[in-house]
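Peer 1: Okay, handing you the structure first.
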Amino acid sequence: MTADRAEWTGVGAALAFHVALIAAMSTSLASINDVPEPPSMEVELIDEVGLQAAAPTPIAQPAATEPPPMPSAAAQPPLPQPSIAPLPPQRPSPQPSARPAPQPQRPIQRAPSQPSRRAGIGDDFLKSFDDDLAPRTGPARPAAPAYNAKARMNIGQAIIQQARRCASNQPFIGEGANKIRLTVNLKFNRSGRLARSPSILGSAGDSEDRSKYGQLLEDQVRRIFADCAPFRLPADLYDTPEGGWKDFTFTYRVD
Amino acid sequence: MRKILASLLLVSAATATAQDSPENLPELVGGSVRSSQTIAVPAMPAAQGASEALGRQIAEVIASDLRSTGAFTPLGPNGIGGYSVAQATSPAYGEWRGAGAGALVSGYVEARPDGRITVACLLHDVTAGRQLASQGFTVAAADWRRAAHKCADTVYARLTGEGAFLDTRIVYVAETGPKTNRVKRIALMDSDGTNLRYLTAGKSTVTTPRFSPSGNQLVYTGTLARKPRVFVFDVATGAERLLVPGGAITFAPRFSPDGRQIVFSWAQGGNTDIFVVGANGGSPTRLTSAPGADTSPSFSPDGRRIVFESERSGTQQLYVMGADGAGQRRISFGGGRSASPAWSPKGNLIAFTRIGGGGFRIGVMDPSGGGERLLTNAWQDEGPSWAPNGQFVLFHRTQQGSGNGTLHAVPVTGGAPRRMPTPQGGSDPSWSPLNN
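Residue numbers (this note's numbering), protein chains in the order written: chain L, 1081 to 1335; chain S, 9 to 444.
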């Protein structure tokens, strides 16, 4: 059996394309080390996330020392001697043993030390930031890429994709919780961690369901973004004149 | 030029608005993992002269309570380390994360100068590293179990969004002796099976004890002159009285949700009908008059309707009527019979006994009669009673052959029934409201 001329032409073209592709990728990857390290940044510890709301929320948010919203419990008179009282306010102090190791590296970790997180991002994410990944030589390249609609969409996808691993671990709440949708705003710092607690901008769904389960969904959001941090996102899109992932708003619901 | 700029601005504004509306925002979808949550419940430290052993016992009760809900897998107090009083409010979240806990119950026990104790109860989200709840419960030293139940209720309610139900009691008919000569006594216990005591002596048969909404009283069917009679019983004093004086044959009583009325069955003139009377006495008011026995009435939580069983169609079926007896209509259909209905505290479901196919099973249905589903599948399950939060149905199960009865609670959302810890056979259970 012999290949005809057209088949040989096709094989040749494919080989040439692969060689070019490998060369391009090698150049791109090699250029990563050439990018100068940005100055080290302050890393906000995860233990300090979620202790106070960053913005007013429509969901009732009890103070840290107040009893939780438990209608049936609240309606109950105290025990035989009515001296049930909230404890004095206590702010959990960060525990050194609980702190993840400080990460003075730049936020974009193209050779991350956490393969599992990298595996969750995928090729599409990297392709979407081809400008950012390109060799940074020559004066023509702007200081920061535009945070246009495409970049906004890609950043959104990247954050959602990185959060999905922790979101999928959340426990079943109850019938009716799946009809609630929270609109959540996050404020990131450059390290990819939350700069403050998630803010609930709004919630949609049956009012009874929201009253019963809204707090639990908010709890889940806090857990997800504490557990999956730091988020690996392109540093030059953190804060641009057009916006950036410093400020990110999304919706959250459960299955 | 100005028009062009204005148009561009309008387009820009419209784009921004579209991007910010929830429909256009990125969406994160959380999972709904149906396994139980792992929660650490280490032994509580003691402060100011309290007993270290007591701190461990309190943690054991909390862990047991949480395990009984089916929603949690507690770690500890045995097999895990403790912590200091200072760490109760500032736990080492990283260490608890490392132990595999998603949540942590901490606290401490403090002895007070007046002889009572204070149990501090704190709940933490270990993953997010934050405190979710804190409560303090001061009780007589002998009532330490109640403080533990209250703490468990705080945890359960905060983490599930459901109402509390652990600091409650259960009343039932304790059955001892051989099948042909059973001694039946009304027994009262905490919902975890402790603090059991008998309220009646067992000289006469008793059935269907039911709590008042306050939990301070019971109504039950006893016997007097070999006839069933409804009694009202004061739990604190043990005093009791006939609901309807005279020789009336009365049975199957239940309180109204406000505690002011008692609805019951009255057999007279060869027929059994449903009546209602003031909880403190008065003249009974007839609610039904159809041929065939009407019995097992149960109020809706708003007090406006009553579900009951009736044989007016030839077999036992469920009917709903107004609290004044108006608008009686059948709600159970299909094959088999339906009996002993109980309206849920939330009002959205009616639990009942489905009889047919060679068995008695516990089912629930909408008050309109739709959405019927069975919660159990054994030889003989009957007599449903709701937990005060409407999440569990308590019932009694009779073993084929021996006739021995045991008490079980099944989640209304489905799942395996859990046997309630009674020291002997039991029937006709009733769950109390939350303790005061």
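For glycine and all other residues, C-beta sits at the position ideal for the given N, C-alpha and C.
Using a cut-off of 9 Å between C-beta atoms, extract the partners of residue 1267(L) located in chain S.
Peer 2: Taking the first sequence and counting its residues from 1, one reaches residue 1267(L) at position 187. Within chain S, no residue comes near residue 1267(L); the closest Cβ sits about 16 Å away, beyond 9 Å.
Peer 1: Going straight from the alpha carbon of residue 436(S) to that of residue 402(S), what length do you get?
Peer 2: The residue you call residue 436(S) lines up with position 428 of the second sequence. The residue you call residue 402(S) lines up with position 394 of the second sequence. Taking the straight line from one Cα to the other gives about 9 Å.
Peer 1: For residue 40(S), which residues in chain L fall below 9 Å Cβ to Cβ?
Peer 2: The sequence position of residue 40(S) within the second sequence is 32, counting from 1. Simply 1250, 1251, 1252, 1253, 1257, 1258, 1334, 1335.
Peer 1: Measuring alpha carbon to alpha carbon, tell me which residue in 108(S), 51(S), 115(S), 395(S) is nearest residue 86(S).
Peer 2: Within the second sequence, residue 86(S) is the residue found at index 78, counting from 1. Residue 51(S) is the option with its Cα nearest to residue 86(S).
Peer 1: Answer yes or no: does any C-beta atom of chain L fall closer than 8 Å to that of residue 160(S)?
Peer 2: In the second sequence, the residue the question calls residue 160(S) occupies position 152. By this cut-off, residue 160(S) is not an interface position.
Peer 1: Extract the residue ranges of the beta strand (DSSP E) inside the stretch 204 to 254 of chain S, only unbroken runs of 3 or more that lie entirely within it.
Peer 2: For the stretch 204 to 254 of chain S, whole beta strand (DSSP E) runs of length 3 or above, ordered along the chain, are 215 to 219, 225 to 232, 235 to 242, 248 to 250.
Peer 1: If you pair each beta-carbon of the stretch 294 to 311 of chain S with each one of the stretch 319 to 326 of chain S, do three or more pairs fall below 8 Å?
Peer 2: The stretch 294 to 311 of chain S vs the stretch 319 to 326 of chain S: in contact.
Peer 1: Would you say residue 1262(L) and residue 1329(L) are within 8 Å of each other, going by their C-beta atoms?
Peer 2: To locate residue 1262(L), count along the first sequence from 1; it is residue 182. To locate residue 1329(L), count along the first sequence from 1; it is residue 249. Not closer than 8 Å, so no.
Peer 1: Can you pull the chain C neighbours of residue 30(S), defined as C-beta to C-beta under 8 Å?
Peer 2: The structure shown contains no chain C; its protein chains are L and S.
Peer 1: Closer than 8 Å, CB to CB, is residue 22(S) near chain L or not?
Peer 2: Taking the second sequence and counting its residues from 1, the one referred to as residue 22(S) is at position 14. With a pLDDT of 43 at residue 22(S), under the threshold of 50, the modelled position of that residue is not reliable, and no figure is offered here.
Peer 1: Which whole-angstrom value describes the C-beta separation of residue 381(S) and residue 371(S), a residue pair presumed to lie in contact below a C-beta threshold of 8 Å?
Peer 2: Numbered from 1 along the second sequence, position 373 holds the residue referred to as residue 381(S). Numbered from 1 along the second sequence, position 363 holds the residue referred to as residue 371(S). Contact flag correct, Cβ pair sits at about 6 Å.
Peer 1: By how many angstroms is the C-alpha of residue 330(S) removed from the C-alpha of residue 337(S)?
Peer 2: Position 329 of the second sequence holds residue 337(S). Position 322 of the second sequence holds residue 330(S). Between residue 337(S) and residue 330(S), the C-alpha separation is close to 10 Å.
Peer 1: If you pair each beta-carbon of the stretch 394 to 408 of chain S with each one of the stretch 144 to 152 of chain S, do three or more pairs fall below 8 Å?
Peer 2: Cβ pair count under 8 Å is below three, so no.
Peer 1: Can you tell me whether residue 60(S) is buried or exposed? The criterion is at least 16 other CB atoms within 10 Å of its CB, across all chains shown.
Peer 2: Working through the second sequence from its first residue, we reach residue 60(S) at position 52. Residue 60(S) comes out exposed.
Peer 1: Residues of chain S with a CB under 8 Å from the CB of residue 1324(L): which are they?
Peer 2: One-based indexing of the first sequence puts residue 1324(L) at position 244. Those within 8 Å of residue 1324(L) in chain S number zero; the least Cβ separation is about 14 Å.
Peer 1: Rounded to whole angstroms, what is the Cα-Cα separation between residue 75(S) and residue 145(S)?
Peer 2: Within the second sequence, the letter at position 67 stands for residue 75(S). Within the second sequence, the letter at position 137 stands for residue 145(S). Their Cα atoms are separated by approximately 21 Å.
Peer 1: Buried or exposed for residue 1298(L), please, with buried defined as at least 16 other CB atoms from any protein chain shown within 10 angstroms of its CB.
Peer 2: Position 218 of the first sequence holds residue 1298(L). Its Cβ being crowded by 16 or more others within 10 Å, residue 1298(L) is buried.
Peer 1: In whole angstroms, give me the CA-to-CA distance for residue 343(S) and residue 367(S).
Peer 2: By one-based count along the second sequence, residue 343(S) stands at place 335. By one-based count along the second sequence, residue 367(S) stands at place 359. When rounded, the distance between both Cα atoms is 13 Å.
Peer 1: Run through DSSP, which three-state label would residue 395(S) get?
Peer 2: The sequence position of residue 395(S) within the second sequence is 387, counting from 1. In the structure shown, residue 395(S) sits in coil (DSSP, three-state: anything other than H, G, I, E or B).
Peer 1: Which chain S residues sit within Cβ distance under 8 Å of residue 1236(L)?
Peer 2: For the purposes of this step, residue 1236(L) is identified with residue 156 of the first sequence, where counting begins at 1. Result: 33, 34.
Peer 1: Whose C-beta lies closer than 6 Å to the C-beta of residue 1165(L) among residues of the same chain, with five residues either side of it excluded?
Peer 2: Taking the first residue of the first sequence as 1, we reach residue 1165(L) at position 85. At residue 1165(L) the pLDDT is 43, less than 50, meaning the model places this residue with poor confidence; the figure from the coordinates comes in the next sentence. There are no such residues.
Peer 1: Should residue 228(S) be labelled buried (16 or more other beta-carbon atoms within 10 Å of its own) or exposed?
Peer 2: Numbered from 1 along the second sequence, position 220 holds the residue referred to as residue 228(S). Label assigned to residue 228(S): buried.
Peer 1: With a CB to CB cut of under 7 Å and the five nearest residues on each side skipped, what residues in its chain are close to residue 1227(L)?
Peer 2: For this step, residue 1227(L) is matched to residue 147 along the first sequence. Around residue 1227(L): 1317, 1320, 1322, 1323, 1324.
Peer 1: Going by DSSP in three states, residue 1253(L) sits in which element: helix, strand or coil?
Peer 2: Position 173 of the first sequence, counted from the start, is the residue given in the question as residue 1253(L). Here residue 1253(L) sits in coil by DSSP.
Peer 1: Go ahead and label residue 186(S) buried or exposed: buried means 16 or more other beta carbons lie within 10 angstroms of its beta carbon, across all protein chains shown.
Peer 2: As a working mapping, residue 186(S) is identified with position 178 in the second sequence. Per the 10 Å Cβ criterion, exposed.
Peer 1: Between residue 1275(L) and chain S, is there a C-beta pair that is closer than 8 Å?
Peer 2: Mapped onto the first sequence, residue 1275(L) falls at position 195. For residue 1275(L), the answer is no, since every Cβ of chain S falls outside 8 Å of its Cβ.
Peer 1: Output, in chain order, the set of chain L residues within a Cβ distance shorter than 9 Å of residue 45(S).
Peer 2: In the second sequence, residue 45(S) corresponds to position 37, counting from 1. What residue 45(S) touches in chain L: 1251.
Peer 1: Note the first and the last residue of the continuous beta strand (DSSP E) segment covering residue 351(S).
Peer 2: By 1-based counting over the second sequence, the position of residue 351(S) is 343. Element bounds for residue 351(S): 345 to 351.
Peer 1: Use the C-beta contact count for residue 444(S): other C-beta atoms within 10 angstroms, 16 or more gives buried, fewer gives exposed.
Peer 2: Residue numbering aside, residue 444(S) sits at position 436 when the second sequence is read from its first letter. Residue 444(S) should be labelled exposed.
Peer 1: For residue 429(S), which of helix, strand or coil comes out of DSSP?
Peer 2: Counting from one through the second sequence, the residue named residue 429(S) turns up at place 421. Correct three-state label for residue 429(S): coil.
Peer 1: In three-state terms, what does DSSP make of residue 337(S)?
Peer 2: Along the second sequence, one-based indexing puts residue 337(S) at 329. Looking at residue 337(S) - three-state DSSP - the assignment turns out to be strand.
Peer 1: For residue 31(S), count the other beta carbons within 10 Å of its own beta carbon; 16 or more makes it buried, fewer makes it exposed. Which is it?
Peer 2: Residue numbering aside, residue 31(S) sits at position 23 when the second sequence is read from its first letter. That one is exposed.
Peer 1: Which residue marks the beginning of the alpha helix (DSSP H) containing residue 1297(L), and which one marks its end?
Peer 2: Locating residue 1297(L) in the first sequence gives position 217, where the first residue counts as 1. Taken as a continuous stretch (DSSP letters only), the alpha helix (DSSP H) holding residue 1297(L) covers 1287 to 1307.
Peer 1: Please confirm whether residue 1293(L) has its beta-carbon closer than 8 Å to some beta-carbon of chain S.
Peer 2: Numbered from 1 along the first sequence, position 213 holds the residue referred to as residue 1293(L). Yes, its Cβ sits closer than 8 Å to a Cβ of chain S.
Peer 1: Using a beta-carbon distance below 8 Å, is residue 281(S) in contact with chain L?
Peer 2: Indexing the second sequence from 1 puts residue 281(S) at position 273. No - not a single Cβ of chain L is within 8 Å of the one on residue 281(S).
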